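Asker:
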Amino acid sequence: APLIRREDYTAPAFWIRTVDLTFDLDPAKTLVINKMAVERNPDQPGASLRLDGEDINLTRVLVDGEPVSFRVENQQLVLDNLPDQPFALEIRTTCAPGKNTQLSGLYTSGGGFFTQCEALGFRRITYFLDRPDVMSVYKVTLKADKLKYPVLLSNGNLVEQGAIDADRHYAVWEDPHPKPCYLFALVAADLVSREQRVRTRLGKEHLLQIFVRAGDLDKTEHAMQSLMASISWDEIRFGLSLDLERFMIVAVSDFNMGAMENKGLNIFNTKFVLANPATATDVDFGNVESVVAHEYFHNWTGNRVTCRDWFQLSLKEGLTVFRDQQFSQDMAGSASARAVKRIEDVRTLRQLQFPEDAGPMAHPVRPDSYMAIDNFYTATVYEKGAEVVRMMHTLVGEAGFAEGMKLYFQRHDGHAVTCDDFAQAIADANPESELTKRLDQFKHWYTQAGTPRVQARGSYSAEHKTYTLHLSQNCAPTAGQPAKLPFVIPVAMGLVAHDGRNLNLHLEGEALPIGTDTVLVLSEPEQTFTFVHVPVEPVPSLLRGFSAPVVLQAELGDDALFTLLTHDKDPFNRWEAAQRLALRRLLQAVSGHGPAELDPRFIQALRGVLRNAELDAAFKELVLTLPSEAYVAEQLDTVDPQRIHTARESLKLQLAKALHEDWIWAWEQHNDCGAYSPDPVSSGRRALANLALSMLCLDGATRHNPIWTGKAFQRFKDANNMTDRLGALGALVNSHADLAPDALSRFHEQFRDEPLVIDKWFTLQAAAPEKDGKVFARAKALMQHPDFTLRTPNRARSLLMALCQMNPAAFHRPDAAGYVFWADRVIEIDSINPQLAARLARALDHWRRLAEPYRTAAREALGRVMAKPDLSDDVREIVTRALQ
Ligand code: B3K
Ligand code: ZN
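FYI, the numbering for the sequence shown is 6 to 889, going by the UniProt record's numbering.
1) When you compare the CB positions of V257 and F119, do they come within less than 8 Å of one another, or not?
2) I need the DSSP call for R251, collapsed to helix, strand or coil.
3) Is D379 near the ligand B3K, in the sense that its beta carbon is under 7 Å from a heavy atom of that ligand?
4) Kindly provide the chain-ordered list of residues whose Cβ lies closer than 5 Å to any non-hydrogen atom of the ligand ZN.
5) Which two residues bound the contiguous beta strand (DSSP E) that contains Y382?
6) Buried or exposed: S596, going by 16 or more other Cβ atoms within 10 Å of its Cβ?
7) E322: buried (16+ other C-beta within 10 angstroms of its C-beta) or exposed?
8) Check S237 in the structure and name its three-state DSSP category.
9) Whose CA, out of P72, E71 and F19, lies closest to the CA of N46?
10) Quickly, what does DSSP pair A264 with across the bridge? List them, please.
11) Run through DSSP, which three-state label would Y465 get?
12) Indicate whether L191 and V145 have their beta-carbon atoms separated by less than 8 Å.
13) If we require 4 or more residues per run, which alpha helix (DSSP H) segments fall completely within the stretch 340-365?
14) I'd like the list of long-range same chain contacts for E95, defined as Cβ closer than 6 Å, with 5 residues on each side in sequence excluded.
15) Are the stretch 732-740 and the stretch 768-776 touching, with three or more C-beta to C-beta distances below 8 Å?
16) Along the beta strand (DSSP E) that carries M498, what are the first and last residues, could you check?
17) Tell me the start and end of each unbroken alpha helix (DSSP H) in the stretch 726-772 that is at least 4 residues and wholly inside, in chain order.
18) Decide yes or no for the touch test of the stretch 55-69 against the stretch 130-142: beta carbon pairs closer than 8 Å, at least 3 of them.
19) For L629 and P545, which I take to be in contact (beta-carbon distance under 8 Å), what is that distance rounded to the nearest angstrom?
20) Using only the alpha-carbon positions, how far apart do A724 and D426 sit?
21) Count the other CB atoms, across all protein chains shown, that sit within 10 Å of the CB of G161; report buried if there are 16 or more and exposed otherwise.
22) Check whether the Cβ atoms of G117 and A194 lie closer than 8 Å to each other.
23) Entirely within the stretch 367-445 and at least 4 residues each: give me those alpha helix (DSSP H) ranges in chain order.
24) Who are the Cβ neighbours of P457 in its own chain at under 6 Å, not counting the five residues just before and after it?
25) Which residues in the same chain have their Cβ closer than 7 Å to the Cβ of L527, if we skip the five residues on either side of it in sequence?
26) In the DSSP output, which residue or residues are listed as bridge partners for residue 890?
27) Assuming D284 and L761 make a contact with CB atoms under 8 Å, what is their CB distance in whole Å?
28) Applying the 10 Å Cβ sphere with the 16-neighbour rule, what's the burial state of N86?
29) Quick one: is the Cβ of Q840 within less than 7 Å of any heavy atom of the ligand B3K?
30) Measuring straight from C-alpha to C-alpha, what distance separates K276 and E226?
31) Buried or exposed for residue 906, going by 16 or more other Cβ atoms inside 10 Å?
32) E240 to A298, Cα distance in whole Å?
33) Compute the Euclidean distance between the alpha carbons of L111 and D89, then round it to the nearest angstrom.
34) Look at the Cβ atom of T399, then the Cβ atom of V524, and state whether they are nearer than 8 Å.
35) Assuming W827 is part of the alpha helix (DSSP H), what are its boundary residues?
36) Below 8 Å, can you find three or more Cβ-Cβ pairs linking the stretch 841-853 to the stretch 363-372?
In structure tokens form, the structure reads like this:
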């Protein structure tokens, strides 16, 4: 397929005002009757109508009730010589949902019918102008077998239902809100629902429903609570209310992504809706809360105001991720719990987005071209996009941002718009802000790929009591962008004295001090900021709360970092200081320069954090966890995954040993959380207890001391919730304990009927720390397990992503077996589900930075995938970019 370019955008030649769809649902052959009211765009007189269609059989085309001549070329139905007046267009097609293994369009799962239309799935249902700037009002009639598919759902309001004959029934749905076709959805299945009536601040009544398989009703309470909390949060924070009488969530087991924000009918991967204490971990509970919120928030940011074209994807995704992150922080409550959430978000950004920005898939938040748009639902569009919105929020303030949002909806409600329109609205509502003064430059965040580096140098004059901070920025070239213009970078900061005081900041030239933190705006390649009346030499605490998605090179020595770790008022930077201290030691161990032994000072500092009565357990767990192997790899020009693994495992073991008594203390203090509740305090306690347990098992394993593995096994059996059970199982598996196989088989036996738990079972084994090639061999063997299948994305990912993305040391083998295995799976999955295959294909994005022999072997594997006949565009795009 050719590249599609942002600069080639043209408005559609026709509008489709209304759509009346009738589905006669049958897995083998579903008939779709599509009646549209079409109107020519007067700007394009004489143009032909080109409707997209893929994998569907055309049986009839009528214009104003009369058969007309048509052509089908390049997966488009082309109609020439259409009238200038509005006309009725009727199209009949059939499709085979039971054979749709791509899970895009209309497909079957667990005996029901489901749809996924974003980005280009609607064309797999009927011929249409499958682009987000064509918005229509929908009426949908569903006809299906009554026994097999008792529940018939589509967007909007149910206006009619009844029997067709003894076996079949029907339902009619109308959605009053015009929408792009990617927001269309239908469900026909045997489901039950949890229902909740709510009254919103506007005084309107709404019906909320969550539809699941009969056995899963006891896992829907948390999602319902999250939905209700999201509804009131959006009203309070942004004045945005639910605009539908009925809001439905449906859970489905076979789904390519997390969830989908179809108007009034969100369809969710079961993984992000089902949760109860027995089957879901604290992390799962948190994910359910944020994904439910995310999809709900899309109702305004995405649905009421949508994207003009798919290059604008971050208009809705970056903004909606920002909104769900803010929501989760507010739900977390305390300042410390908010900071924990921020640290987790930044960790994700660094783990997923920074490498993307530094590899062959680097693209701007608003991409310039693509081959397969589904490849651009990326960490850059989502997470970096959210950081861009967050920087705007920082530059205009919370109240200013709310004003900007108001203006955005005043201007654009009901329209399909661009990222420029969003930035303009936020800026226009805040005419005096730093954002507005530099709006054009700020938008480099949308157009330039790559992670900027900020260098900071400070110098103190004891004589003048001044502290001069010199900041500079640069950004490495990325594909197609050899030179970058400077970004607008908000640098939240403060100055910390070695004795622990957070100093009052007084910028030179200003009348008064401004408190103990401020935001400097770095917009030039280099800038100098001078602080006056600085009583002692300070340590700069820069980029507090991670105020911009950049790599900060502050070159602080250990002393300065220890000061920040102990005294910074910003919890994010305390954590960051610990990460830097640990990273420095990890990199020394990897390079072989410098001691492989951890220094007592570092160990003492971590002990201080662990034993600090003022700090929350969740924060301690984050500080005491070493940076991931992926993050270490990110820092290196040449990556030897085995060396990184060995170095990290060795440091981890040293921490396990050196803090042995402290881990025992931590375990004893935190392991009893009482009745399960997923709140931040109890989940933090569980996280720390589980870390302690795994450290104790690790240490025990090297000393052949079975005490702690015995305790872990007991815990595994007794735990009253999945977090603790899986924590204990993980401690056994990750320390390669003798008891691990027994625990694993008990676990499988106990949860054999819970697919989401069986996914965890696969993941745990495939992501275990590699030891003598056993983990790789085990993962490979698990492909043959009767529960394994490539057809269910969750299951395929549970094993393959765990091995190929999360477990570098098991995957990158000197004998290349990991790459051979990877290429075989990408090729195999590509014939089933190209979107899924393309995700797996990205596991070798960074092959160029690998050391030999990995590099050559990885290249060969990529070449083998590239050579597959009929390779999908999705995978072709990933592999082509990698090899370029
Ligand atoms: N908008 C959907 C993603 C659609 C995936 C297309 N391949 C989920 C979300 O971001 O809410
Ligand atoms: Zn989204």
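All C-beta atoms, glycine included, are put in the ideal place defined by N, C-alpha and C.
If you're wondering where the values come from, they're calculated on a predicted model, not measured in any experiment.
Answerer: Answer, in terms of the structure:
1) Result yes, Cβ atoms of V257 and F119 sit closer than 8 Å.
2) strand
3) Yes, the ligand B3K has a heavy atom inside 7 Å of this Cβ.
4) Checking every Cβ against the heavy atoms of the ligand ZN under 5 Å gives E322 and T325.
5) No beta strand (DSSP E) contains Y382, which DSSP labels as neither H nor E.
6) exposed
7) Around the beta carbon of E322, a 10 Å sphere encloses 16 or more other beta carbons of the protein chains shown; the residue is thus reported as buried.
8) helix
9) Checked all of P72, E71 and F19; the closest Cα to N46 is F19.
10) According to DSSP, A264 bridges with F273.
11) strand
12) Result yes, Cβ atoms of L191 and V145 sit closer than 8 Å.
13) 340-353 and 359-362
14) K40 and L67
15) yes
16) Per DSSP, M498 belongs to the beta strand (DSSP E) from I494 to A502.
17) Taking only runs of at least 4 residues, the alpha helix (DSSP H) segments lying wholly in the stretch 726-772 are 727-739, 745-755 and 760-771.
18) yes
19) Their Cβ separation, rounded to whole angstroms, is 25 Å, which puts L629 and P545 out of contact at 8 Å.
20) 52 Å
21) buried
22) Yes, they are a contact pair.
23) 390-417, 424-433 and 439-442
24) Q478, C480, F492 and V555
25) V459, L476, Q478, I494 and V496
26) What is shown of the chain runs 6 to 889, which leaves residue 890 out entirely.
27) Sequence inspection shows Thr at residue 284; the Asp mentioned does not correspond to that position. That pair is a contact at about 6 Å.
28) exposed
29) Yes, the Cβ of Q840 comes within 7 Å of a heavy atom of the ligand B3K.
30) 14 Å
31) Nothing can be reported for residue 906: it is not among the residues displayed for the chain, which extend from 6 to 889.
32) 13 Å
33) If I take the Cα positions, the gap works out to 33 Å.
34) For T399 and V524, yes; Cβs fall inside 8 Å.
35) A822 to D835
36) yes
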